[in-house]
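Asks: Below you'll find the structure I mean.
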Amino acid sequence: MLVILGLMVCGPAGASAAADMPACRDLAVMARELDAVVEMLDRSGKINEGSALDRNMGELIEGLAVLAEAMDDEDLGLQVEIMRQTWDDMDWKRFKPAIEAAARGFERIYRLHCSY
34 MLVILGLMVC GPAGASAAAD MPACRDLAVM ARELDAVVEM LDRSGKINEG
84 SALDRNMGEL IEGLAVLAEA MDDEDLGLQV EIMRQTWDDM DWKRFKPAIE
134 AAARGFERIY RLHCSY
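52 is the number that the numbering used here gives to position 19 of the sequence shown; each next residue is one higher, with no gaps.
See below:
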């Protein structure tokens with residue numbers, strides 16, 4: 034399970050990011066949401082329809098899509114599309130590897146553009 038801890042503050046690398054790059058504070062929110070989803074999937078193997086996580090999933094997926102586009106990260110973009118499709122289908126067996134791969138891509142971007 035990927036766990037991203039701590040508050041993020043934009044550092045010098047963050048200043049040179051693309052104009053569409055979400056602010057580090059927005060990435061901190063996404064990090065917490067990613068952690069919560071991965072943790073829920075580790076515990077129960079699914080996300081309950083209508084739960085808070087389920088209701089927020091669209092926003093998380095859209096945020097990851099914006100990040101993938103801003104960073105021109107095709108791998109992250111592909112995982113986000115798989116997440117979107119499998120979330121719509123509630124196919125948690127395929128969703129879990131996609132969100133884990135997206136979380137790894139997110140963490141790489143986070144480390145490059147924000148500092149703890």
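We put the CB at the ideal spot given by N, CA and C, even for glycine.
#1: For D106, which residues in the same chain have their Cβ closer than 8 angstroms to its Cβ, ignoring the five residues on either side in sequence?
#2: Can you give the beta carbon distance from W125 to L74, rounded, assuming they're within the 8 angstroms contact cut?
#3: Kindly list the residues whose CB is nearer than 6 angstroms to the CB of G96, restricted to its own chain and excluding five residues on each side of it in sequence; keep chain order.
#4: E66: which of R76, D87, A56, E82 sits nearest, CA to CA?
#5: Mind checking which residues open and close the alpha helix (DSSP H) that includes K129?
#6: Using the C-alpha atoms, what's the distance from G83 back to R127?
#7: Taking C-alpha atoms, which residue in E72, A131, S77 lies nearest to I94?
#8: Beta carbon of M90, beta carbon of V71: below 9 angstroms?
#9: Pull up the distance between the alpha-carbon of I115 and that of E92, whole angstroms please.
#10: Which residues in the same chain as N81 place their Cβ atom closer than 7 angstroms to its Cβ, once the five residues preceding and following it in sequence are excluded?
#11: What three-state label does DSSP hand D106 in the structure shown?
Replies: Considering the structure as presented:
#1: L100, G138, I142
#2: 7 angstroms
#3: M63
#4: D87
#5: 125-146
#6: 20 angstroms
#7: A131
#8: no
#9: 15 angstroms
#10: D87
#11: coil
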